[in-house]
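The numbering of the sequence shown is full-length UniProt numbering, which starts it at 1 and goes up by one.
The beta-carbon is built from N, C-alpha and C at its ideal position, and this holds for glycine as well.
Please read the structure below before turning to the comments.
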Amino acid sequence: MYLHLPRIYRQIALVSYGNEFLTGGVDSELLDRHPLLFTHFPILRNIEQGNLLAGSASHFLTCLKSQGLEKISLHSASDLSNYLSESKLFNFTQSDGDFCLVCHFPQQQFKALVHCEEKSLWQSYDNDGYPLYSDYNNYHDSVENYVLIDLPVAAIASIAEDLKPISWQSFFNEYQEQIYDFAVARRFGSYPVPLTDNNCYEGDMYQIEEQFPVLPYNLKKNYASILMLNAARLKSRFDNESHIKNDNGDYWHMSETEKLEFEKARNTLEEFHVLILKYTANQYQNSNISHQHEQHTAFKFSPKPLDPIDFSTTPPALAEHETTSSVEPQPRLHWSGIIKFLWSMLWCYCALWTLAYFAVVWGNLFILILAFIYAIYRVLKKLADEKDH
């Protein structure tokens with residue numbers, strides 16, 4: 001399963017900040033200027049003609065709100081693929097690792113916001129086979145197309161299943177138990193999972209301070225961000241160690257038994273990762289660590305049958321305008337940081353003191369040399385005057 005994490009993070013931000021926008025907690029400027037939604041802003045297009053209906057997140061949420069939209073949620077596109085009609089203009093992204101948004105309207109009416117790409121037959125080419133205009137249109141590379149599709153009553157059960165309240169503490173414990181039961185996961189991951197991350201920052205900015213968090217600012221230390229970060233880091237390690245071009249990767253030096261455990265751990269992580277992303281988007285409000293209560297049903301994970309993974313192929317390449325960003329932990333205050341700070345202060349003091357000392361010594365030497373030259377000059381001048389007389 002391939003998870004297009006950059007796009008998924010954008011969809012989570014659209015759900016979390018979008019619901020805040022619908023309730024008045026976030027204004028349109030903050031929503032549209034979120035770095036995740038500003039660099040690849042979502043647009044709504046007509047599924048039949050392909051024309052533009054709304055050109056930003058706030059535009060199409062405002063449009064849908066006028067039609068009665070109450071909230072949006074995130075779901076696996078593959079779970080709803082049977083209810084998505086075909087389009088002559090677009091290809092829908094609906095594989096196992098893709099997600100779509102569901103719009104909730106009054107009286108149990110649901111519509112799916114599905115990410116899509118234009119079919120190639122609608123692209124014009126020159127005589128040499130190169131696409132016309134698309135390479136010169138920055139707008140094309142900075143948007144993500146969505147279309148709105150009506151969902152039948154039969155889809156309600158699948159949607160409701162993803163929205164059932166969970167106990168985040170139970171889910172967190174189950175994640176640790178199932179994932180880090182594998183020695184290979186403890187080898188490459190962080191166990192026990194640290195409860196120190198406050199929010200998840202993702203995107204294309206160079207400095208984490210320039211990012212907006214994936215989840216709204218008012219969310220403090222929470223299980224959702226902690227699990228999302230831990231799963232992403234462990235997935236990155238698994239991908240790096242098993243990459244076909246990484247000859248020094250540990251996977252290629254494992255025994256067959258160890259490789260089998262690696263595949264099981266990776267499959268289990270992928271299943272959990274999908275759940276983490278869905279629950280984060282839909283139930284992040286209840287994930288604060290300080291507010292956890294066991295009023296919800298305890299979570300129990302049931303792994304799917306193991307499918308062999310072919311590590312001989314590289315993951316699908318991202319589109320040219322996509323960038324993968326490393327998951328950076330937020331800066332935290334440690335004793336080691338304090339010691340390093342004091343050491344740097346001492347080093348600077350010694351350096352400045354040494355510079356001042358040598359400046360004084362060299363300055364005195366320079367003055368002595370000038371005085372000596374001046375004394376010789378006066379002596380020679382006096383001798384010359386006496387000789388003239």
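Check                                                                                                                                                                               : Outcome
Report the residue from P194, Y223, N240, N282 whose alpha carbon sits nearest the alpha carbon of residue 393.                                                                     : The question about residue 393 has no answer here: the residues shown for the chain are numbered 1 through 389.
Determine the closest residue to F110 out of I72, A77, S142, F92, with distance taken between C-alpha atoms.                                                                        : I72
Of the choices E258, V360, R186, L352, whose alpha-carbon is the least far from that of A231?                                                                                       : R186
Nearest by alpha-carbon distance to A13: which of N364, N199, Y377, E270 is it?                                                                                                     : N199
So is M228 buried or exposed if we call it buried at 16+ other beta carbons inside 10 Å?                                                                                            : buried
Would you call L346 buried or exposed, if buried means 16 or more other Cβ atoms sit within 10 Å of its Cβ?                                                                         : exposed
Which same chain residues end up closer than 7 angstroms to Y17 when comparing Cβ atoms and leaving out the 5 residues on each side of it in sequence?                              : V26, L31, H34, P216
Find the nearest neighbour of I156 within the set G249, D96, H75, Q169, judged by alpha-carbon distance.                                                                            : H75
Which word fits Y102, buried or exposed, when buried means at least 16 other C-beta atoms lie within 10 angstroms of its C-beta?                                                    : In the sequence as displayed, the identity of residue 102 is Val instead of Tyr. So V102 counts as buried.
Please classify H40: is it buried, with 16 or more other beta-carbons within 10 angstroms of its beta-carbon, or exposed?                                                           : buried
Under the three-state reduction of DSSP, which class applies to H253: helix, strand or coil?                                                                                        : helix
Report all residues from its chain with a CB closer than 7 angstroms to the CB of Y175; omit the five preceding and five following residues, and keep chain order.                  : L227, F272
Which two residues bound the contiguous beta strand (DSSP E) that contains C100?                                                                                                    : 99–105
Note down the Cα distance separating D181 from F38, rounded to an integer number of angstroms.                                                                                      : 40 angstroms
Please say whether V184 and E202 have beta carbons closer to each other than 8 angstroms?                                                                                           : no
Count the other CB atoms within 10 Å of the CB of C348; is the residue buried (16 or more) or exposed (fewer)?                                                                      : exposed
For P35, name the three-state secondary structure that DSSP assigns.                                                                                                                : helix
Leaving aside the five residues before and after A57 along the sequence, list all residues of the same chain whose C-beta is less than 7 angstroms from its C-beta, in chain order. : L14, G18, L31, D32, L37, F41, P42
Tell me whether I373 sits in a helix, a strand or coil according to DSSP, three-state version.                                                                                      : helix
Could you check how far apart the C-beta atoms of A152 and Y251 are, in whole angstroms? I think they sit under 8 angstroms.                                                        : Residue identity differs from the one stated: residue 152 is Pro in this sequence, not Ala. Not confirmed; about 44 angstroms, so no contact.
Can you give the Cα-Cα distance for G337 and W343, rounded to whole angstroms?                                                                                                      : 10 angstroms
Cβ atoms of A77 and V114: under 8 angstroms apart, would you say?                                                                                                                   : yes
Can you say whether T280 is buried or exposed, counting buried as having 16 or more other CB atoms within 10 angstroms of its CB?                                                   : buried
Which residue or residues does DSSP assign as beta-bridge partners of L148?                                                                                                         : L113
Could you spell out the range, first to last residue, of the alpha helix (DSSP H) harbouring H59?                                                                                   : 57–66
For a test of the three-state rule: what should DSSP assign to E177, helix, strand or coil?                                                                                         : helix
Would you give the residue range spanned by the beta strand (DSSP E) that I72 belongs to?                                                                                           : 71–76
Taking the continuous beta strand (DSSP E) assigned at I43, which residues delimit it?                                                                                              : 41–45
What's the gap between the Cα of I244 and the Cα of Q107?                                                                                                                           : 51 angstroms
Tell me whether V214 sits in a helix, a strand or coil according to DSSP, three-state version.                                                                                      : coil
Here's a check: name, in chain order, each residue in its chain whose Cβ is nearer than 8 angstroms to the Cβ of G249, leaving out the five neighbours to either side.              : N240, E241, S242, H243
In this structure, does DSSP put L53 in helix, strand or coil?                                                                                                                      : strand
What's the C-alpha gap between L89 and N145?                                                                                                                                        : 12 angstroms
Following the continuous beta strand (DSSP E) through N91, name the residue where it begins and the one where it ends.                                                              : 90–92
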